[in-house]
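This note's numbering numbers the first residue of the sequence shown as 88 and each following residue consecutively. All remarks here apply to the structure that follows.
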Amino acid sequence: MVPEQIIIFTETILNMISSKTSFIALIGNPVSHSLSPIMQNAALQYLGLDLIYIAIPCKEENLELILNSFKKINCKGLNITIPHKEKVFNLCSEISPIANKLKAINTLKLNSEKEWSATNTDVEGFIYPLKNLNLGKKKSVILGSGGAARSVIQGLINLNLSTISVISRNKSSLDELIKNFDNQIQLQGLLNNDDQAQILIREADLIVNTTPVGMKTTRYENNELPYGETFWRSLNSKTIVYDLIYNPSPTPLLKFCAKKGCMTIDGLEMLVAQGMRSISFWTDGLEVPFHIMSDALKKYL
Ligand code: NAP
């Protein structure tokens with residue numbers, strides 16, 4: 088951020104705060120890298136609400152205390168991020184079916200009894216850039232078997248894809264993930280060094296990267312591709328490649344795939360769209376245009 092942007096940002100925030108201002112908070116550890124305050128404050132300002140959004144680092148041992156304390160003050164909602172997405176289950180009195188299914192919560196609000204009501208907006212966020220691409224009955228491949236892969240599988244089920252194959256380096260998380268969605272769709276898991284992986288890559292209509300490989304600020308800050316460049320040798324130019332990573336833009340994977348002629352989608356739209364759904368949950372249905380949040384973010388990326 089350049090100094091002029093810091094001044095504009097600070098003035099904007101100061102103009103938003105009064106003695107009646109309530110807040111929404113992001114709770115996680117760490118949270119200092121999060122871009123959510125930037126896009127959420129832009130959205131709250133657009134809606135003209137007397138609300139600000141702040142990020143609060145929280146250790147696991149303080150989670151219950153913080154959630155209980157926030158019920159008693161003017162907190163209107165929360166986002167929950169790593170590592171608390173599963174641990175908050177015990178602290179909520181209402182949990183939406185989608186959060187139960189994913190075993191992860193990312194958004195909370197207080198209900199009429201002043202208890203936490205929880206949901207997960209990641210699936211809607213993931214689907215957002217895919218909605219108009221007519222992917223029904225198409226073949227998909229997911230790379231990685233962590234938390235985000237769970238939302239991606241559910242999103243692809245909702246979009247009615249005919250096959251979903253998860254390719255991972257981690258056999259135990261892969262087996263657990265496949266078991267979790269058993270019997271719902273033609274879903275298979277295989278390890279990245281399995282010979283069949285190349286056939287799946289060649290035939291895929293959509294490939295989604297959920298590994299952190301290629302992400303800035305990790306040790307993968309180089310031109311590395313998930314599972315190495317040879318893994319991508321059979322990629323077809325008709326395949327759509329979706330990388331959940333949004334920084335750098337484009338990611339090394341999307342740069343490589345665009346050169347091959349593929350349509351590419353980065354993680355920014357998912358980030359913004361899950362944030363839009365959270366706003367809607369906190370405000371009982373208010374909508375913020377996508378560009379209000381994405382334009383705010385692009386200034387910082
Ligand atoms: P996670 O739970 O840690 O899962 C990451 C997965 O990637 C695991 O299967 C992990 O395998 C695998 N992996 C890690 N390093 C790898 C490597 N060097 N080579 C191959 N596989 C590797 O993380 P997550 O929560 O699913 O998030 C994954 C990525 O998605 C992150 O980059 C995150 O920022 C991004 N994301 C973006 C959005 C968005 O809104 N755009 C939302 C959610 C997540 P192991 O278990 O063996 O380590």
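Here a beta-carbon is modelled for each residue, glycine too, at the ideal position from N, C-alpha and C.
Gln283 has its CB no nearer than 7 Å to any heavy atom of the ligand NAP. Gly115: member of the beta strand (DSSP E) spanning 109-115, first to last residue.
At a cut-off of 3 residues, the continuous stretches assigned as beta strand (DSSP E) that sit fully inside the stretch 274-328 are 293-296. When beta bridges are read from the DSSP output, Tyr140 appears opposite Ile111. The stretch 277-291 makes contact with the stretch 246-254; the number of CB pairs closer than 8 Å reaches 3 or more. The nearest non-hydrogen atom of the ligand NAP is less than 7 Å from the C-beta of Tyr333. Trp203 is bridged by DSSP to Leu197.
Taking a contact as a CB-CB distance under 8 Å, the pair Asn247 and Gly223 counts as one, their CB atoms being some 4 Å apart. Membership of Gly234 in the alpha helix (DSSP H) is indicated by the continuous run 234-245. Here the stretch 258-274 does not lie against the stretch 198-211, with fewer than 3 beta-carbon pairs under 8 Å apart. Residue burial annotation: Arg364 is buried, with at least 16 other C-beta atoms found within 10 angstroms of its C-beta. At least one heavy atom of the ligand NAP lies less than 7 Å from the C-beta of Met302. Here Pro170 has Gly115, Asn116, Glu147 as same chain residues with Cβ atoms under 8 Å from its own Cβ, once five neighbours each way along the sequence are excluded. Taking C-alpha positions only, Cys349 is separated from Val175 by approximately 39 Å. For Leu230, the beta-bridge partners assigned by DSSP are Ile254, Asn296. Within 10 angstroms of the beta-carbon of Ser324 lie fewer than 16 other beta-carbons, which makes it exposed. Distance from the C-beta of Thr168 to the nearest heavy atom of the ligand NAP is not below 7 Å.
The beta carbon of Tyr314 lies closer than 6 Å to those of Asn279 in the same chain, with the five residues before and after it left out. Just measuring C-alpha positions, the residue of Pro337, Leu217, Asp371, Lys218 sitting nearest Met302 is Pro337.
For Ile366, the enclosing alpha helix (DSSP H) covers residues 355-369.
DSSP lists Val328 as the beta-bridge partner residues of Thr351. In summary, Lys385 is exposed, with fewer than 16 beta-carbon neighbours lying within 10 Å of its beta-carbon over all protein chains present.
Of all alpha-carbon atoms in Ala345, Trp319, Asp353, Arg320, the one lying nearest the alpha-carbon of Pro335 is that of Asp353. Rounded to whole angstroms, the gap between the alpha carbons of Ser109 and Thr317 is 52 Å.
The beta carbon of Tyr329 sits no closer than 7 Å to any heavy atom of the ligand NAP. Distance from the C-beta of Gly242 to the nearest heavy atom of the ligand NAP is not below 7 Å. Note: Gly164 is bridge-paired with Ile111 in the DSSP secondary-structure output. Inter-residue distance for Asn221 and Ser119 is about 38 Å (C-alpha atoms, whole angstroms). Within the chosen limit of 7 Å, the ligand NAP reaches the beta carbon of Ala236 through at least one heavy atom.
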